[in-house]
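What follows is a single structure, written as structure tokens, with notes after it.
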Amino acid sequence: MSNPYKISNFVRIRDQRIFHGEKKLFSCEEATHLKRFLKESYKFLNISYPKFHKMDALCKLGILAAEVLFKNMEIPTDTALVFSNSASSLETDKKHKILMEATVSPAVFVYTLPNIVLGEISIKHKLQSENAFFISDKFNAGLLADYSEILLDTSKADAVVCGWIEWKNAEYDVFLCLISKEGEVSFSEENLEELYRFENE
Amino acid sequence: MSDLRTRLKQSIIEQLNLEEFEVEDIANDEALFGDGLGLDSIDALELIVLLEKEYGIKLTEPQQGKEIFISIDKMAEYIEAHRTK
Chain A
1 MSNPYKISNF
11 VRIRDQRIFH
21 GEKKLFSCEE
31 ATHLKRFLKE
41 SYKFLNISYP
51 KFHKMDALCK
61 LGILAAEVLF
71 KNMEIPTDTA
81 LVFSNSASSL
91 ETDKKHKILM
101 EATVSPAVFV
111 YTLPNIVLGE
121 ISIKHKLQSE
131 NAFFISDKFN
141 AGLLADYSEI
151 LLDTSKADAV
161 VCGWIEWKNA
171 EYDVFLCLIS
181 KEGEVSFSEE
191 NLEELYRFEN
201 E
Chain B
1 MSDLRTRLKQ
11 SIIEQLNLEE
21 FEVEDIANDE
31 ALFGDGLGLD
41 SIDALELIVL
51 LEKEYGIKLT
61 EPQQGKEIFI
71 SIDKMAEYIE
81 AHRTK
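If you're matching them up, the sequences are chains A and B in order. Using full-length UniProt numbering, the letters of the first sequence correspond one by one to residues 1 to 201. Using full-length UniProt numbering, the letters of the second sequence correspond one by one to residues 1 to 85.
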């Protein structure tokens, strides 16, 4: 039996481009280093949040994606966050390991967990909700759909943002969906998979 | 003394990734925490590391940080009096 939930909205960030739904919102035409792409995206989205500059790239990607996803919307404070990736916080872990040989940086150390991105988004958007961060080899639509549906069915959340947020070897791949009772596209494992593949094919 | 303050501001901007600030945006007597630059507890730890790395000053008591990291002026005065490099 199908559930009553919909994929209300989704955002995609990869290859120097940001998609809001199927519409391209922003792109850097020339080959650009991730650091510059993140800064240009921040400016384009007209975000004013100085703390952004202190974050690692994984958190910056999460903040940018949430900004697109939540734009012009009133987000319930109990909107749950269910994210996943394969590399965890590996890039920041590597940076921290190098710094440990000289002088450790507390500002780097605090990002040596993948779920920090959930906290950063929650702080920025004042969410007080359930959250989970799964590490899996590849995008696992079934896991995300099951976990999100349980949160919604058991009234742990009014809405859920679920998806994939990866940063590995200077490559990045973000796909986040807002799941609620509003929208046209049914929330199912198949539809999540299809939307994720939309830009990946 | 004013060179020290300028260098200190440059180091803080660089170390704390205050990308929206220039040296001239930070007044010598401006509060570094709270309503001023808006630094947080992680930034305080970074400032402790900065004092040790750049000026050879090792803070052992957390309370010391509260008294030193009030403003650029206060930090500069403390560095002048206690620097070992």
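Where a beta carbon is used, it is the ideal one built from N, C-alpha and C, also for glycine.
- Sequence-ordered contacts of the stretch 16-38 of chain B with chain A read LEU16, ASN17, LEU18, GLU19, GLU20, GLY38 [C-beta pairs closer than 8 angstroms].
- In the same chain as A/ILE75, and ignoring 5 residues on each side of it, the C-beta atoms closer than 8 angstroms to its own belong to HIS125, LEU127, ALA159, in chain order.
- Counting the other Cβ atoms within 10 Å of the Cβ of A/ASN46 gives fewer than 16, which makes it exposed.
- Interface annotation for the stretch 26-55 of chain A against chain B: PRO50, HIS53, LYS54, criterion Cβ-Cβ distance under 7 angstroms.
- Around the C-beta of B/ASP3, fewer than 16 other C-beta atoms lie within 10 Å, and the residue is accordingly described as exposed.
- Listed along the chain, the chain B residues whose CB falls inside 7 angstroms of the CB of A/SER89 amount to none; the nearest CB is some 16 angstroms away.
- The stretch 6-26 of chain B and the stretch 67-87 of chain A do not touch, with fewer than 3 CB-CB distances between them shorter than 8 angstroms.
- Among the residues of chain A, those whose CB is under 9 angstroms from the CB of B/GLU46 are SER105, PRO106, ALA107, following chain order.
- The beta carbon of B/ARG83 sits closer than 8 angstroms to the beta carbons of TYR55, GLY56, ILE57 from its chain, once the five residues preceding and following it are set aside; these are given in chain order.
- Distances from the CA of B/ASP35 to each of B/GLY65, B/THR6, B/SER71 were compared; the closest alpha carbon is that of B/SER71.
- At least one C-beta of chain A is nearer than 8 angstroms to the C-beta of B/ILE42.
- Per DSSP, the continuous alpha helix (DSSP H) segment holding B/LYS9 begins and ends at 2-15.
- In the three-state reduction of the DSSP assignment, A/LYS168 falls in the strand class, which pools E and B.
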